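Trainee: Dropping the structure in here first, questions after.
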Amino acid sequence: MRTRQVVFAVTAAIAGTIFTVVLGGYLPRYVLVAPIIYLISRWGFAAVGRIKYYLRKTGQSGHSCGGCGQYVSRRRSDWILTCYRCGWKEGLPLLRWATSSVPAKQIRRTVSLRGLLLISLCLLLILSPSIATPLPEATSDDYNRTEVRQEFQHLLNEERERRGLQTLDRRTELQKMGQSHAENMATFEYMGHVQPDGDNIEDRYRERGLLPECRLPLENSNRYYPGAENAYQGYVDAEIERDYAPDFYVGISEDLAQVMFDSWMNSRPHRKAMLVSSADEMGLGFKTTEADKIYAALELC
-3 MRTRQVVFAV
7 TAAIAGTIFT
17 VVLGGYLPRY
27 VLVAPIIYLI
37 SRWGFAAVGR
47 IKYYLRKTGQ
57 SGHSCGGCGQ
67 YVSRRRSDWI
77 LTCYRCGWKE
87 GLPLLRWATS
97 SVPAKQIRRT
107 VSLRGLLLIS
117 LCLLLILSPS
127 IATPLPEATS
137 DDYNRTEVRQ
147 EFQHLLNEER
157 ERRGLQTLDR
167 RTELQKMGQS
177 HAENMATFEY
187 MGHVQPDGDN
197 IEDRYRERGL
207 LPECRLPLEN
217 SNRYYPGAEN
227 AYQGYVDAEI
237 ERDYAPDFYV
247 GISEDLAQVM
257 FDSWMNSRPH
267 RKAMLVSSAD
277 EMGLGFKTTE
287 ADKIYAALEL
297 C
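See below:
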């Protein structure tokens, strides 16, 4: 029985850990989830066995009846200790099942104080700020995506505010779409809006359920963007020659955000997309290759 309990609990802990990872759990969290699942599974397995045993067991309980004062004998399958002489039942009426039933008693006998303390400690660590804070977002080689996105958002919103436009919030779904398109461009070594399989901007927005929500009307026109996208191709860890400004070395995350922003701002169609007045959300994705080439996609909604 004990071996089966251990095998069952270990299997449940492993399955729970894998499930947590699939859902995007962070390393400190899913390490601490395992002992919690193990202990709860072990207790549950043992408690079920105890409950089944005591429901089959008969004989004196060692308790006196609260009504007639006689010893009370359990009968087979009694969920709550009952005196069949006077009708008395153990426990207070409203709390009887929670405190005096066979399941309640056997669960209390199964659960250990040491285990509860361990579970409490794990939960405390999981919920503590140092553990609950997300780990830094995945990097694209040496460039932290979170830092690049934050700096680019700051540059773009500063420009939009200067022009009297509403600022942009980052949206996870747009970031995922931008990242997917950037990786597609890096994989197939092209720069543009139509993927090798024929999908275009509108197709990508529609596939993610972002249309018609992300259609962006153009001022003083009946036209609109079916979701706006800017694409970029360049190099990192290199001196970038620019016709519109002095040469610029891309070395750190802030440099990468700056060179992409400058490139798009100095291209009329890209600038027009970034400054469309109806946009209020953005997502930026980028991917660098082993040859220090970068591909990036900005999505606007």
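Those letters in the sequence shown? Residues -3 to 297, by our numbering.
Note that CB positions come from ideal geometry on N, CA and C, so glycine has one too.
In this text the structure is predicted, and so the values were computed from the model without any measurement.
Can you give me the C-alpha to C-alpha distance between Ile115 and Pro31, rounded to a whole angstrom?
Mentor: The straight-line gap from Cα to Cα measures roughly 7 Å.
Trainee: Over what stretch of residues does the beta strand (DSSP E) that includes Tyr67 continue unbroken?
Mentor: Where Tyr67 is concerned, the enclosing beta strand (DSSP E) stretches over Tyr67 to Arg70.
Trainee: Helix, strand or coil: which one does DSSP assign to Gly21?
Mentor: Any reading at Gly21 must be qualified, since the residue scores a pLDDT of 48, below 50, and its modelled position is unreliable; the value itself is stated next. Coil at Gly21, not helix or strand.
Trainee: Less than 7 Å between C-beta atoms, sequence neighbours within five positions excluded: which residues of the same chain meet that for Ser73?
Mentor: If we look at Ser73 and ignore the five residues flanking it on each side, its Cβ neighbours are Leu51.
Trainee: Anyone know if the C-beta pair for Tyr220 and Leu212 falls short of 8 Å?
Mentor: Cβ atoms of Tyr220 and Leu212: closer than 8 Å.
Trainee: From the DSSP output, which residues share a beta bridge with Met261?
Mentor: Answer is none; Met261 lacks a bridge partner.
Trainee: Quick check on this structure: which residue in Pro222, Asp199 and Leu170 has the alpha carbon closest to the alpha carbon of Pro208?
Mentor: Of the candidates Pro222, Asp199 and Leu170, the one whose C-alpha sits nearest the C-alpha of Pro208 is Pro222.
Trainee: Alpha carbon to alpha carbon, how far is Ser37 from Thr95? Give it in angstroms, no decimals.
Mentor: Cα to Cα, Thr95 sits roughly 22 Å from Ser37.
Trainee: So, is Lys283 buried or exposed, given that buried needs 16 or more other C-beta atoms within 10 angstroms?
Mentor: With 16 or more other Cβ atoms within 10 Å, it is buried.
Trainee: In three-state terms, what does DSSP make of Gly279?
Mentor: In the structure shown, Gly279 sits in a strand (DSSP, three-state: E or B).
Trainee: With C-beta atoms as the reference, is Asn218 less than 8 Å away from Leu294?
Mentor: No. Outside cutoff.
Trainee: Are there three or more Cβ pairs, one per stretch, closer than 8 Å when the region 252 to 265 is compared with the region 179 to 189?
Mentor: Judged by Cβ distances under 8 Å, the region 252 to 265 makes no contact with the region 179 to 189, as fewer than three pairs qualify.
Trainee: Ignoring anything shorter than 4 residues, give me the alpha helix (DSSP H) runs that lie fully in the region 95 to 126, in order along the chain.
Mentor: As far as the region 95 to 126 is concerned, its whole alpha helix (DSSP H) runs of at least 4 residues are 98 to 106 and 109 to 123.
Trainee: Could you tell me which of Val44, Tyr291 and Gln66 sits nearest to Gly83, measuring between CA atoms?
Mentor: Closest by alpha carbon: Gln66.
Trainee: Which same chain residues, not among the five before or five after Gln229, have their C-beta less than 6 Å away from its C-beta?
Mentor: Correct list, in chain order: Met187 and Tyr291.
Trainee: In this structure, does DSSP put Ser60 in helix, strand or coil?
Mentor: Of the three classes helix, strand and coil, the one that applies to Ser60 here is strand, per DSSP.
Trainee: Taking just the CA atoms, how far does Arg264 sit from Asn216?
Mentor: About 18 Å.
Trainee: Using a 10 Å radius around the Cβ and a threshold of 16 neighbouring Cβ atoms, would you call Thr129 buried or exposed?
Mentor: Its pLDDT being 47, under 50, Thr129 is placed unreliably by the model, and the measurement read from it follows with that caveat. The residue in question, Thr129, is exposed, as its Cβ has fewer than 16 Cβ neighbours within 10 Å.
Trainee: Does Leu296 pass the burial test, meaning 16 or more other C-beta atoms within 10 Å, or should it be called exposed?
Mentor: Buried: at least 16 other Cβ atoms inside 10 Å.
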